[in-house]
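J.:
Chains as they are written, first to last, in our numbering: chain A, 58 to 476; chain B, 25 to 355.
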C-alpha cells in the first residue's frame, strides 16, 4: 500500500504538468489572457495562487483598517471566501473547469488540515503560556503542596496540586492493576478461541468470543459520565459520606480502560506470526507455555505500549472521578478511605471555585496534566516504534486506527488455526 | 486441524491427547490455562452486563413512576410541587451538540484524512499523523478550559463583528449574543475533540482504496480531485459513515467539556448562539450528587437513554464498518 502511494506521488511530481495539459485542452482555451499565458505553466499557476491570496487581503485590510480589526476570525473568514472565489475564477479562465475543481479541492483540503490542527497548537500554546508561569513561580511548591494552604485571595504561589497528582497516580495505578490482568486474560481467550477448530467445543468458544467482543465494542463507546454514575449508585451512595474514595474512582476508570486495553491487547496478540505458535506447539510445548514463553514475549512491546496508552487515557478522564473521588483540597494518601484529589477533577473544580486565582491555578494544573499525558503518550510511542524497526510490517497492522479506536475486526494477518 | 485428525486415526491411541488439536488437549495445565483465561473473559462479560442491567433497572423505575411524561416534557423542575422531571430539553440539547460537532468533525476530519493520504509529501505526512494522534490525547477538561477561557475572547469579538457587519442575516442580528457559553461553541469544541477519531478511521479506510484505479485515472488525464471523487470516496463511503457514527457516539456522551462551556438552563431551546441549553451528560454531572432519590432515578433514566443511544450508534457503525472490511477484503 505504501509503495503504491509513493509511486502515485512520484507520478504527480514528475507529470503534473502533463496531466493538466490534457485537462486544459479539453477545457477552455488559455489564450484569453495573453499577458499571463506567455508565462510557463508552473509560474502562471503560482501567479494565480499568489494574486488571489494577496489582493483580497489588501482589499480587506484597506476596507476594515479604518473601521475596526476587532474580530480576526471574521476577517479571516471573509478573506478565505474572497480568496477561494478569485482563485476559482482565475484557474477556471486559465485552465478550465476540471482543473478549477482540482485547485479548489487542494486548497480546501489544506485549509481543512490547518483548521484541524490549529486548535491543537492553540491549546498547547495557551496551556503552556498560562500554566508554566504558575508552575515555575516558586518552583517545586506548586507540584508538592496542596490547596488547603491557600486562602481564597492568596496568590498562586500559595496553592499547589501535589495532593491531586498523588491522587491521580494512585487512582490510575489501581485502575491499571485491576484492568491489565483482566484485559490480558480476556485478550488471550479471544485470541485462542478465534483460532479454535471445527469441533463443537471450538465453535462454541468462537461464538462466545464473538459475544464478548460485541460487548467490549459496546462498552468501549460508553460515555464517561455513565461510569461515574454506576460506581456512585453501586458503591458510593450506599456508604454515605464515607463512600467517596480513590478506589471508587479507580473502579470507574477501570470501566473506561478495560475495553480499550482489551482490544489493544487482542490486536497485539493477533499479529504474532502464526509460524512461531506452530513451531512451539510442534515442539510439544503445551498451549500455556506457548502463550507465556513465545507469544506474550513476542508481543511484549505492543502490550506494554497499549497498557500505557490506556493509562494515559485514564489520567485525562475527569467525569469518572466526579462523584467517586469527589476531589479533596487536602492530601489524602489512602485511596481506600475518604475523598481524594484528582488532577483533571481539580481543574474542573477550580474553574467553578470563587477564589481569586482559581482559574490561574487551573491553568497550572492543566499544564501539569498535559505534560503528564504527553509523557505517557511519548513513552508508549517510543516503546511501540522501537520495536517497529524490527517488525515494521507487523507494526503497521498494530498501529492502524481500527486498533487504536478498537473498531472493526481486521482479518487474521496470518491464520494458524486449523481452518 | 484436519491434518492431525487424520493422522490420529492411524496411530494407536497411546495418549488420549495425541492427535488432538492443541486447543482440544485435555491435559491438566492446559485445562487450567483455558479455564483461567475463560474466567477473565467472563468477568468482563458479567461486569458489563451487570452495569447495563443495573442502570436499566434504576432508570426504568423512574419511567414507571412518572410515565412517559419524563421524556416528552421539557420542564426540569425537581423542586416544584409536584416535581417535574422533563428530560426533553436536555435530550434535544445533547443531540444538537452532537450534530453540530459532526458538522465540524466530518468534513474537516475527512479532509485531514485526504490531506494525509493524498496531498501531503512524505515528511509532512508523518508529522501530521503524529499531530492528529496528539490531538486525540488532549484531555477533555483541557478542551473545556480552552473553550471557556481562551476561545470565548474570540467568540465575543466575532459576535460583535457579525452583529455589526452581517446584520442582514437574521441569526446574527442580536447584539446581546456573545456565543461564549452557547450550544454552538460546545458543538465546535466537541467537534474538534471527535475529529481525530473520524480522521483516523477514514484515513485507514481510504488507504485501502485501489491504487491501480487511481493511477489509471491519472494516466488518462484525470485530476487528483477527479480520482478522489470517483474512486476513493465511493470506495470508502461505508467507512466514512461508520466513522461518522462513531464520532456521533463520542460526541453525544461528551461530558466535561460541555459542563465547563455551557451555561446550563435545562430548557428546550432552538437558540444555538445564546447562553442557553443543556445536555444529558451535563445534567447528570452537575446535579447528581445533590439530589433526592426520585431525582436520582430520573437522572439515571437520562443516563440509560444516553447509553442506549451510544449502543445503537456503535452497533450500526459496527455493521457498516464490517461491510467496508468485506469490501476491502474482496479486492
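The beta carbon of each residue, even a glycine, is placed where N, CA and C say it ideally should be. In this text, all values refer to a predicted model and were calculated from it rather than measured experimentally.
(1) On a CA-only basis, which of A/131, A/438, A/431 is nearest residue 161 of chain B? Give me that one, please.
(2) Measuring alpha carbon to alpha carbon, tell me which residue in B/252, B/120, B/241 is nearest residue 112 of chain B.
(3) Just to check my reading of the structure: residue 288 of chain A and residue 309 of chain A have Cβ atoms closer than 8 Å, yes? What is that Cβ distance to the nearest angstrom?
(4) Assign residue 391 of chain A to one of three DSSP states: helix, strand, or coil.
(5) Looking at chain A, which residues of the segment 69-91 of chain B have a Cβ within less than 9 Å of any of its Cβ atoms?
(6) If you measure beta-carbon to beta-carbon, which residues of the segment 192-226 of chain B are closer than 8 Å to chain A?
(7) Let's see if you can read the secondary structure: which residues bound the alpha helix (DSSP H) around residue 89 of chain B?
(8) Within the 7 Å Cβ cut-off, does residue 300 of chain A reach chain B?
(9) Ignore the nearest five residues each way along the sequence and tell me which others in residue 248 of chain A's own chain have a CB closer than 7 Å to its CB.
(10) Does any residue of chain B have a CB that is nearer than 7 Å to the CB of residue 130 of chain A?
(11) Which term fits residue 345 of chain B, buried or exposed, when burial requires 16 or more other beta carbons within 10 angstroms of its beta carbon?
(12) Under 7 Å, CB to CB, which of the residues in the segment 182-196 of chain A have a partner in chain B?
(13) Residues bridged to residue 100 of chain B by DSSP?
(14) Going along the chain, which residues of its own chain have a beta-carbon closer than 8 Å to the beta-carbon of residue 347 of chain B, five neighbours each way excluded?
(15) Just to confirm before moving on: does the CB-CB distance between residue 140 of chain B and residue 149 of chain B stay below 7 Å?
(16) Could you please tell me which residues of the segment 252-277 of chain A, in chain order, have their CB closer than 9 Å to any CB of chain B?
(17) Compute the Euclidean distance between the alpha carbons of residue 188 of chain A and residue 405 of chain A, then round it to the nearest angstrom.
(18) Which residues, in order along the segment 111-126 of chain B, keep a beta-carbon less than 9 Å from a beta-carbon of chain A?
(19) With DSSP as the reference, identify every bridge partner of residue 302 of chain A, one or two as the case may be.
(20) Pair every Cβ in the segment 342-350 of chain A with every Cβ in the segment 255-275 of chain A, then say whether three or more of these pairs are closer than 8 Å.
(21) Which first and last residues belong to the alpha helix (DSSP H) in which residue 145 of chain A is found?
(22) Note down the Cα distance separating residue 218 of chain A from residue 401 of chain A, rounded to an integer number of angstroms.
(23) Check whether the Cβ of residue 338 of chain B lies closer than 7 Å to any Cβ atom in chain A.
(24) Under 7 Å, do residue 433 of chain A and residue 361 of chain A count as touching if we go by C-beta distance?
(25) On a CA-only basis, which of B/203, B/73, B/127, B/67 is nearest residue 296 of chain B? Give me that one, please.
(26) What does the alpha-carbon distance come out to for the pair residue 334 of chain A and residue 54 of chain B?
(27) Could you give the residue range of the alpha helix (DSSP H) that holds residue 232 of chain B?
(28) CB-CB under 7 Å to residue 110 of chain B, same chain, minus the five flanking residues each way: which ones, in chain order?
(29) Which value, in whole angstroms, describes the spacing of the CA atoms of residue 224 of chain A and residue 303 of chain A?
(30) As an exercise, report each continuous beta strand (DSSP E) stretch of at least 3 residues that is fully enclosed by the segment 293-328 of chain B, in chain order.
(31) Residues in the same chain with beta-carbon distance under 6 Å from residue 210 of chain B, minus the five sequence neighbours each way, listed in chain order, please.
(32) Work out the CA separation of residue 232 of chain B and residue 315 of chain A for me, nearest whole Å.
(33) Taking the alpha carbon of residue 115 of chain B as the point to measure from, which residue in B/159, B/130, B/308 has its own alpha carbon closest?
(34) DSSP beta-bridge partners for residue 383 of chain A?
(35) Assuming residue 208 of chain B contacts residue 92 of chain B (C-beta within less than 8 Å), just tell me the rounded distance between them.
(36) For residue 237 of chain A and residue 183 of chain B, I'd like the C-alpha separation in whole angstroms.
T.: In brief:
(1) A/431
(2) B/120
(3) 4 Å
(4) coil
(5) 69, 71, 72, 73, 74, 75, 76, 78, 79, 82
(6) 216, 219, 221, 223, 224, 225
(7) 52-90
(8) no
(9) 323, 326, 327
(10) yes
(11) buried
(12) 183, 184
(13) B/109
(14) 262
(15) yes
(16) 252, 253, 254, 255, 256, 258, 259, 262, 265, 266, 268, 269, 271, 272, 273, 274, 275, 276, 277
(17) 15 Å
(18) none
(19) A/395
(20) no
(21) 129-152
(22) 11 Å
(23) yes
(24) no
(25) B/203
(26) 15 Å
(27) Note, residue 232 of chain B: premise wrong, no alpha helix (DSSP H); not H, not E.
(28) 94, 97, 98, 99, 100
(29) 7 Å
(30) none
(31) 121, 282, 285, 286
(32) 29 Å
(33) B/308
(34) A/397
(35) 30 Å between Cβ atoms; not a contact.
(36) 48 Å
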